[in-house]
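Written below as structure tokens is the structure these notes are about.
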Amino acid sequence: MTSRTVTLLDVARAAGVSKSTVSDALQGSGRVAEATRDRVRAVAEELGYRPNSAARRLRRASTGAVGLHLPATATRLDYYMNLAFGAVERAQEDGLDMVLLAPSGAAGGRIASRVDGLLVIDPEPGDSAVPGLLDAGVPVVTGERYLGPATGPSGAVVCDNAASLTALLDHVTERGARRPALLAPSGSSAWATALRATAGSWGRAHGVAVTLRTVPFAATPAEAEAATRALLAADPAVDAVICAPDGSAPGVLRAAATLGRKVGAISASGASSAHEASEAHGASSASSASETSGGSSRNGGSGRTGEGGRSEGGGPGSPGGTGAATGPAGAGLLVASCVDGTATRGAEPPVTAVDLHPTAYGRACAELLCDILAGRAAPDTVRRHSWSLETRASTGSPG
């Protein structure tokens with residue numbers, strides 16, 4: 514049999530059940546025992562059965578499509594492209610097309626007439642399109658929670674972003690770092706907020722101040738390089754830099770090379786000379802006061818860090834002051850990233866990073882939406898997505 518000739522009746526006969534049971538089993542509806550549902554699906558797959566999408570849409574008065582809303586910066590970030598591919602692949606398995614929505618969005622009513630449901634990835638409370646999407650009158654699944662006001666229930670697939678940054682901070686301190694720093698993402702998404710808050714809470718719990726520099730949510734390598742050079746100039750005692758934005762790690766490595774910092778290992782003498790240089794330039798006390806509270810960064814000295822990695826204040830440790838320190842040549846520096854990708858894997862040296870498994874994450878988001886549309890999951894279901902820590906040479910670990 515070919516996929517064009519296999520019918521529901523063929524599947525029913527092969528599975529030894531009624532045609533209506535096959536229909537309910539394949540659509541995830543009705544009162545069908547799980548064992549029967551699994552058997553019917555296995556038989557349908559073995560026979561090569563494919564549902565008549567047009568007929569199914571007519572029966573349930575649906576459009577046969579779901580919408581995907583990504584952050585405006587998504588087009589140049591590997592993470593979101595891989596996530597989108599995973600979501601499209603999974604939606605197609607349920608016979609649904611994926612419609613990529615313009616970053617500016619559209620009126621919720623118009624969207625609801627074109628799609629059966631929506632995926633909204635990393636929604637920002639400051640994104641003017643998001644409220645309309647969440648109130649479009651169709652099921653919505655968000656990739657990470659929406660921290661702004663929402664009018665109705667929506668499903669979500671979330672990562673434990675606090676745990677992933679904690680793992681990175683634990684790792685670099687285990688490798689010898691005594692003064693870690695974070696290039697933290699700006700914005701009010703759940704991911705950005707969790708990273709900034711975790712830097713502060715981890716530091717307080719361990720008695721180690723995590724120096725914080727806020728950079729754009731999708732900082733380029735050039736922006737990361739500038740922020741890292743300013744950071745190391747202000748405080749040469751920093752011996753580990755964790756960069757959050759996807760693809761920004763090469764900029765951190767370039768800054769380290771320019772300043773003569775050896776990436777991948779911290780020697781006792783290197784750490785000591787770095788601290789001595791920091792004290793000599795009077796920058797240590799200002800930068801070590803950096804912490805986060807309620808998702809925003811604040812510093813307690815004249816070297817206060819502002820948006821985009823700027824160092825505010827005119828002290829000798831700031832780019833706008835005099836006698837800026839460049840750090841002792843040869844002092845070690847560990848480098849890690851909150852997002853893995855081609856930029857971290859292909860860097861020299863390869864960079865330790867958190868692999869968020871974006872393709873699988875996109876599949877998970879689309880799967881939850883499909884389950885909600887089919888009645889297999891409640892509209893407010895929240896599912897967890899796993900991550901893994903990939904240790905590489907940039908923190909002294911084997912690639």
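Count along the sequence shown from 1, add 513, and you get the number used in this note's numbering.
A virtual CB, placed ideally from N, CA and C, is assigned to each residue, including glycine.
None of these values were measured; they are calculated from a predicted model.
Item	Value
Taking all protein chains shown into account, decide if A587 is buried (16 or more other Cβ within 10 angstroms of its Cβ) or exposed.	buried
Quick one: give me the first and last residue of the alpha helix (DSSP H) that A732 is part of.	Element bounds for A732: n/a, residue is neither H nor E.
Use the C-beta contact count for Y874: other C-beta atoms within 10 angstroms, 16 or more gives buried, fewer gives exposed.	buried
At what residues does the alpha helix (DSSP H) containing P698 begin and finish?	Where P698 is concerned, there is no enclosing alpha helix (DSSP H), although the beta strand (DSSP E) it sits in stretches over P693 to P698.
Between the Cα of R691 and the Cα atoms of V723, L614, P666 and A707, which residue gives the shortest distance?	V723
If you check the beta carbons only, do R905 and T865 fall under 9 Å apart?	yes
Can you tell me which of A525, V643 and V670 puts its alpha carbon nearest to the alpha carbon of D884?	V670
Kindly indicate if chain C contains any beta-carbon less than 9 Å away from that of R603.	No chain C is part of this structure, which consists of one protein chain only.
To which residues of the same chain is S782 closer than 6 Å at the C-beta, ignoring the five residues directly before and after it?	Confidence is the limiting factor: at S782 the pLDDT is only 46, short of 50, which leaves the residue's position unreliable and the question unanswerable from this model.
Would S800 be called buried (16 or more neighbouring beta carbons within 10 Å of its own) or exposed?	Residue placement at S800 is poorly supported in this model, since its pLDDT is 36, which falls under 50; the coordinates are not used for a value here.
Please say whether A856 and D759 have beta carbons closer to each other than 9 Å?	yes
Count the other CB atoms within 10 Å of the CB of G909; is the residue buried (16 or more) or exposed (fewer)?	buried
Is A578 helix, strand or coil when you go by DSSP?	strand
Among D537, S641 and A739, whose alpha-carbon lies nearest the alpha-carbon of V765?	A739
Which residue or residues does DSSP assign as beta-bridge partners of D629?	Beta-bridge pairing links D629 to no other residue.
Ends of the beta strand (DSSP E) at H898?	V895 to H898
Leaving out the 5 sequence neighbours to the left and right, which residues in its chain are closer than 6 Å to A732 when beta-carbon positions are compared?	P758 and S761
Which residue's Cα is closest to the Cα of V776: R552, P862 and G713?	P862
Buried or exposed: where does A735 fall if 16 or more other Cβ atoms within 10 Å of its Cβ makes it buried?	exposed
Take G854 as the anchor and find which of R589, G529 and S531 has the nearest alpha-carbon.	R589
For A718, count neighbouring Cβ atoms within 10 angstroms of its own Cβ and tell me buried if that reaches 16, exposed if not.	exposed
A615: buried (16+ other C-beta within 10 angstroms of its C-beta) or exposed?	exposed
Could you give the C-beta distance for A600 and A879, rounded to a whole number, given that I count them as a contact under 8 Å?	4 Å
Beta carbon of G630, beta carbon of L882: below 9 Å?	yes
What does DSSP give as the partner residue(s) for K775 in the beta ladder?	G845
Hey, out of L678, A887 and P729, whose CA is closest to C493's CA?	With the chain running from 514 to 912 in the structure shown, residue 493 is simply not present.
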